[in-house]
Amino acid sequence: MIKVLVDTHTHTNCSTHSHSTLLENAYAAAERGLEMLCMTNHTPALPDSPHIWHFETMGSLPKEIKGVKMAYGAETNLLDLDGNVDLPEEIQKKMDLIVASIHKPCLAPGTADDYTSTYLGAIKNPYITILGHSGSVNYPYDIDTVVKAAREYNKCIEINNHTFTVRRPSIENCRKIALACKKYGTHIVVSSDAHNSFDIGNFDNAIKMLTEIDFPEELIANATAARFTEYLKSLKK
Ligand SMILES: [Zn+2]
Ligand SMILES: [Zn+2]
Numbered sequence: 097m098i099k100v101l102v103d104t105h106t107h108t109n110c111s112t113h114s115h116s117t118l119l120e121n122a123y124a125a126a127e128r129g130l131e132m133l134c135m136t137n138h139t140p141a142l143p144d145s146p147h148i149w150h151f152e153t154m155g156s157l158p159k160e161i162k163g164v165k166m167a168y169g170a171e172t173n174l175l176d177l178d179g180n181v182d183l184p185e186e187i188q189k190k191m192d193l194i195v196a197s198i199h200k201p202c203l204a205p206g207t208a209d210d211y212t213s214t215y216l217g218a219i220k221n222p223y224i225t226i227l228g229h230s231g232s233v234n235y236p237y238d239i240d241t242v243v244k245a246a247r248e249y250n251k252c253i254e255i256n257n258h259t260f261t262v263r264r265p266s267i268e269n270c271r272k273i274a275l276a277c278k279k280y281g282t283h284i285v286v287s288s289d290a291h292n293s294f295d296i297g298n299f300d301n302a303i304k305m306l307t308e309i310d311f312p313e314e315l316i317a318n319a320t321a322a323r324f325t326e327y328l329k330s331l332k333k
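The sequence shown begins at 97 in my numbering and counts up by one.
Laid out in structure tokens, this is it:
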């Protein structure tokens with residue numbers, strides 16, 4: 097039975113299309129038995145993201161709330177074919193983790209070759225940890241090439257539970273990506289991408305799919321807080 101005890105991608109109401117505070121999210125995480133919670137709000141290229149100071153000041157936040165370990169990062173926007181993102185490098189450097197995602201308003205429309213190039217650039221950025229919701233059918237890419245590169249650079253591919261409700265046509269694509277991760281031995285993370293506290297730690301559909309394809313538990317980097325913390329440390333070296 098697959099268990100995931102770290103939520104690697106969640107939003108607070110500092111991104112105004114999300115509806116809960118950090119404290120509400122942390123309490124929800126504690127209630128649901130999570131060991132660790134990561135706050136990853138949207139970065140400035142999205143219209144309702146918090147001011148850059150939100151990211152500069154995260155160092156003052158507690159490392160643990162209600163017995164839940166806390167990690168602070170961002171869900172950055174991929175901006176171009178080189179995989180650049182919308183945060184200054186000095187801020188990226190200080191974060192516990194960085195998810196890099198394609199969001200429609202931030203990247204010019206392109207071909208599968210273009211999106212492959214964008215993701216390869218992101219993988220090579222030493223501060224980026226995770227490729228976010230890459231299963232979107234709107235942004236197809238060469239799965240084998242990207243999944244192999246993620247393995248080479250020790251980066252994670254996200255299986256985003258939110259995709260199974262808001263990006264339904266992408267579910268089949270997520271399965272293909274997970275199968276490629278299994279084939280090449282690439283780490284994944286499972287996340288809720290919660291936009292309110294009621295969704296924190298909700299991985300049900302993602303876990304169902306991973307169970308169906310008999311996904312190896314040892315490749316889930318966020319199965320436990322201990323494993324995820326070790327993994328983040330290995331990236332900082
Ligand atoms: Zn996103
Ligand atoms: Zn998100």
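Glycine included, C-beta positions come from ideal geometry on N, C-alpha and C.
Original post:
For residue 210 versus residue 175, is the C-beta spacing smaller than 8 Å?
Top reply: Numbered from 1 along the sequence shown, position 114 holds the residue referred to as residue 210. Numbered from 1 along the sequence shown, position 79 holds the residue referred to as residue 175. No, the pair does not count as a contact, with Cβ atoms beyond the cut-off.
Original post:
Residues in its own chain within less than 6 Å of residue 138 by CB, not counting five upstream and five downstream?
Top reply: For the purposes of this step, residue 138 is identified with residue 42 of the sequence shown, where counting begins at 1. The answer, listed in chain order, is 111, 145, 171.
Original post:
What's the C-alpha gap between residue 325 and residue 296?
Top reply: By one-based count along the sequence shown, residue 325 stands at place 229. By one-based count along the sequence shown, residue 296 stands at place 200. Cα to Cα, the separation comes out at about 19 Å.
Original post:
Which stretch, first to last residue, makes up the alpha helix (DSSP H) that contains residue 354?
Top reply: The structure shown has nothing for residue 354, since the chain only spans 97 to 333.
Original post:
In chain order, which continuous runs of the beta strand (DSSP E) of length 3 or greater are located wholly inside the region 187-226?
Top reply: The beta strand (DSSP E) runs of length 3 or more contained entirely in the region 187-226 are, from start to end of the chain, 193-197.
Subject >> Inter-stretch contact at 8 Å, needing at least 3 Cβ pairs: the region 304-315 / the region 263-283 >> reply: yes
**OP:** Tell whether a beta-carbon distance below 8 Å holds between residue 290 and residue 136.
**Re:** Taking the first residue of the sequence shown as 1, we reach residue 290 at position 194. Taking the first residue of the sequence shown as 1, we reach residue 136 at position 40. The answer is no: Cβ separation not under 8 Å.
**OP:** Please check the pair residue 212 and residue 203, which I expect to be a contact at CB under 8 Å, by giving their CB distance rounded to whole angstroms.
**Re:** Reading the sequence shown from its first residue, position 116 is the one you call residue 212. Reading the sequence shown from its first residue, position 107 is the one you call residue 203. With 8 Å as the limit, residue 212 and residue 203 do not qualify as a contact, their Cβ atoms being about 13 Å apart.
Original post:
Rounded to a whole number of angstroms, what is the C-alpha to C-alpha distance between residue 245 and residue 265?
Top reply: Locating residue 245 in the sequence shown gives position 149, where the first residue counts as 1. Locating residue 265 in the sequence shown gives position 169, where the first residue counts as 1. Each residue's alpha carbon lies about 25 Å from the other.
Subject >> residue 207 to residue 126 span [Cα, whole Å] >> reply: Against the sequence shown, residue 207 aligns to sequence position 111. Against the sequence shown, residue 126 aligns to sequence position 30. The straight-line gap from Cα to Cα measures roughly 42 Å.
Subject >> Given residue 255 as reference, the closest of 223, 294, 301 once Cα atoms are compared >> reply: On the sequence shown, residue 255 is found 159 positions in, with the first residue counted as 1. Of the listed residues, the one whose Cα sits closest to residue 255 is 301.
Original post:
Counting only runs that start and end within the region 274-321, where is the alpha helix (DSSP H) found for 4 or more residues in a row?
Top reply: 300-308
Original post:
Candidates 154, 173, 167: which alpha carbon is nearest residue 140's?
Top reply: The residue you call residue 140 lines up with position 44 of the sequence shown. Relative to the Cα of residue 140, the nearest Cα in the group 154, 173, 167 belongs to 173.
Original post:
What is the rounded straight-line gap between the Cα of residue 164 and the Cα of residue 117?
Top reply: Counting from one through the sequence shown, the residue named residue 164 turns up at place 68. Counting from one through the sequence shown, the residue named residue 117 turns up at place 21. For residue 164 and residue 117, the distance between alpha carbons rounds to 15 Å.
Original post:
Any idea what DSSP makes of residue 153, helix, strand or coil?
Top reply: For the purposes of this step, residue 153 is taken as residue 57 along the sequence shown, with counting starting at 1. Coil.
**OP:** Go to residue 240, then tell me how far its alpha helix (DSSP H) extends in each direction, as first and last residue.
**Re:** Translated into the one-based positions of the sequence shown, residue 240 becomes position 144. Counting along the chain, the alpha helix (DSSP H) containing residue 240 begins and ends at 239-248.
**OP:** Report yes if the CB atom of residue 257 is closer than 8 Å to the CB atom of residue 287, and no otherwise.
**Re:** Against the sequence shown, residue 257 aligns to sequence position 161. Against the sequence shown, residue 287 aligns to sequence position 191. Yes, the pair counts as a contact, with Cβ atoms nearer than the cut-off.
**OP:** Buried or exposed for residue 103, please, with buried defined as at least 16 other CB atoms from any protein chain shown within 10 angstroms of its CB.
**Re:** Counted from its first residue, the sequence shown places residue 103 at position 7. Residue 103 comes out buried.
Original post:
Is residue 228 near ligand 1, judged by its Cβ being under 7 Å from some heavy atom?
Top reply: Locating residue 228 in the sequence shown gives position 132, where the first residue counts as 1. Under cutoff, so the answer is yes.
**OP:** Indicate the three-state DSSP secondary structure (helix, strand or coil) for residue 118 in the structure shown.
**Re:** Stepping through the sequence shown from its first residue, residue 118 is reached at position 22. Residue 118: helix per DSSP, three-state reduction.
Subject >> Local Cβ density within 10 Å of residue 151, reported as buried at 16 or more and exposed below that >> reply: In the sequence shown, residue 151 corresponds to position 55, counting from 1. With 16 or more Cβ atoms within 10 Å of its Cβ, residue 151 is classed as buried.
**OP:** Could you check how far apart the C-beta atoms of residue 225 and residue 183 are, in whole angstroms? I think they sit under 8 Å.
**Re:** Numbered from its first residue, the sequence shown carries residue 225 at position 129. Numbered from its first residue, the sequence shown carries residue 183 at position 87. Actually they do not touch by this definition, with Cβ atoms about 13 Å apart.
Original post:
Quick one: what does DSSP say residue 142 is sitting in, helix, strand or coil?
Top reply: Residue 142 sits at position 46 when you count from the first residue of the sequence shown. Note: residue 142 maps to coil in three-state DSSP.
Subject >> Nearest residue (CA-CA) to residue 120, options 294, 321, 314 >> reply: Counting from 1 along the sequence shown, the entry for residue 120 is found at position 24. Out of 294, 321, 314, 294 has the C-alpha closest to the C-alpha of residue 120.
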